[in-house]
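Student: With mature numbering (1 follows the signal peptide of the UniProt record, and there is no 0) as the guide, the letters of the sequence shown map in order to residues -21 to -1, 1 to 258. One structure, as structure tokens, below. Some questions next.
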Amino acid sequence: MAGRDGHILLGFMVLLAGGGGVRPAHRHEEPPAEEQRPESLCARFSVSPGAWGQSVNYPGPVCGVKGSKVTLPCTFSTLKSVRDEDGREVLIEIQRVIWCQNHVICQGPTPSVYDSDPESDPERNNPRYRYLGDKQGSCSLQISGLQEEDAATLRFRVEANDSRATFAGPPGVRVTVSDGDPMQIKNSSDPDGAVSLLCSARCTFHQLEVTWSRDGHTLPQCGPALRLSALTAKDSGNYTCALKNNPRTESLPYRLHVEAADGGLLSEEVCSKTRASVT
């Protein structure tokens, strides 16, 4: 097993080592028409073409870890008004908004994950999908407890009081789901001697709900960052993290060893040398 040693020195000598080895990754993805690489939500937006003044702004492809929560930022614009047969202006009123999976126009019996129509079939609203938008221009959608069946292309549809302002915006946003990929722990240190461990996933760009353990005992912290300040020998141990409710994502252990440094503070020169050492 490969490992690496680094020392963080400020009144204490800290040894951080990452375990080696590779665990098999289990992935589930919707077969794409062409290869696409997941990217950050704020990296690129797709703007759907439509009638003049109508569009949907989707995020780029999203990849999330099974069991996690992802948010799809989305905005849309519609016609403000149209003219009737007599030339009179008719103001547009949005009456219904829909999010659906794997359908071009989100119409008819197409399975939906969210439908704002109160008279629609309850099955058309997936309780894990929460609409964060409105009927004025925001169409953001949040998915909780990501599952394999969430891997799909999602599209947004607007229905108005005039058919000329009713449309579904292509191309949609493609969501892929990763199942079982182990989390990764990275470390950093502060000038005051505190150590921070960051739990991250290869396939996500969102805030993760994780559990931390030291030597097999669960710690109270649940965020992706674990900060250890005022270090003592009691902080020594093997640290792991995993996605909440998904033990298959447990990381390889990170070894933290804390011991008092002789003579108090050590020089920056020694500090630099030990940080650079790799075994």
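We treat Cβ as the ideally placed atom computed from N, Cα and C, and that holds for glycine.
Can the beta-carbon of Thr197 be found less than 7 Å from the beta-carbon of Lys223?
Tutor: Start at 1 with the first residue of the sequence shown, and residue 197 comes out as number 218. Start at 1 with the first residue of the sequence shown, and residue 223 comes out as number 244. Not a contact, by the Cβ cut-off of 7 Å.
Student: Put Ala239 into one of helix, strand or coil per three-state DSSP.
Tutor: Indexing the sequence shown from 1 puts residue 239 at position 260. Strand.
Student: Using only alpha-carbon positions, find the residue among Cys178, Thr89, Pro226, Lys165 that is nearest to Arg134.
Tutor: Position 155 of the sequence shown holds residue 134. Closest option to Arg134, Cα to Cα, is Thr89.
Student: Contact defined as beta carbons within less than 8 Å: I believe Val156 pairs with Pro38. What is the distance between those atoms, to the nearest angstrom?
Tutor: By 1-based counting over the sequence shown, the position of residue 156 is 177. By 1-based counting over the sequence shown, the position of residue 38 is 59. Not quite, the Cβ-Cβ distance comes to about 16 Å (not below 8 Å), so this is no contact.
Student: In whole angstroms, what is the alpha-carbon distance linking Asp194 and Lys213?
Tutor: Translated into the one-based positions of the sequence shown, residue 194 becomes position 215. Translated into the one-based positions of the sequence shown, residue 213 becomes position 234. About 11 Å.
Student: With DSSP as the reference, please indicate the residues paired to Gly216 in a beta bridge.
Tutor: Taking the sequence shown and counting its residues from 1, the one referred to as residue 216 is at position 237. Answer by DSSP bridge pairing, in chain order: Leu235.
Student: State the Cα-Cα distance for the pair Gly124 and Asp65, rounded to the nearest angstrom.
Tutor: On the sequence shown, position 145 is the one that residue 124 refers to. On the sequence shown, position 86 is the one that residue 65 refers to. Cα to Cα, Gly124 sits roughly 51 Å from Asp65.
Student: Counting only runs of 3+ residues fully inside the segment 93 to 124, write out the beta strand (DSSP E) ranges in chain order.
Tutor: Segments of the beta strand (DSSP E) lying fully in the segment 93 to 124: 108 to 110, 120 to 122.
Student: If you follow the beta strand (DSSP E) that Leu177 is part of, which residue opens it and which one closes it?
Tutor: On the sequence shown, position 198 is the one that residue 177 refers to. Taken as a continuous stretch (DSSP letters only), the beta strand (DSSP E) holding Leu177 covers 174 to 179.
Student: Using 8 Å as the cut-off, can you tell me whether the segment 166 to 177 makes contact with the segment 53 to 60, which would need three or more C-beta pairs spanning the two stretches below that distance?
Tutor: Not touching, per the Cβ criterion.
Student: With respect to the beta strand (DSSP E) encompassing Asp158, which residues constitute its N-terminal and C-terminal limits?
Tutor: Taking the first residue of the sequence shown as position 1, residue 158 is located at position 179. Looking at the DSSP string, the run of the beta strand (DSSP E) that includes Asp158 is 146 to 158.
Student: Quick one: measure Cβ to Cβ for Cys201 and Glu188, integer angstroms, because I've assumed they're closer than 8 Å.
Tutor: What you label residue 201 is simply residue 222 of the sequence shown in a count that begins at 1. What you label residue 188 is simply residue 209 of the sequence shown in a count that begins at 1. So it is a contact: roughly 6 Å between Cβ atoms.
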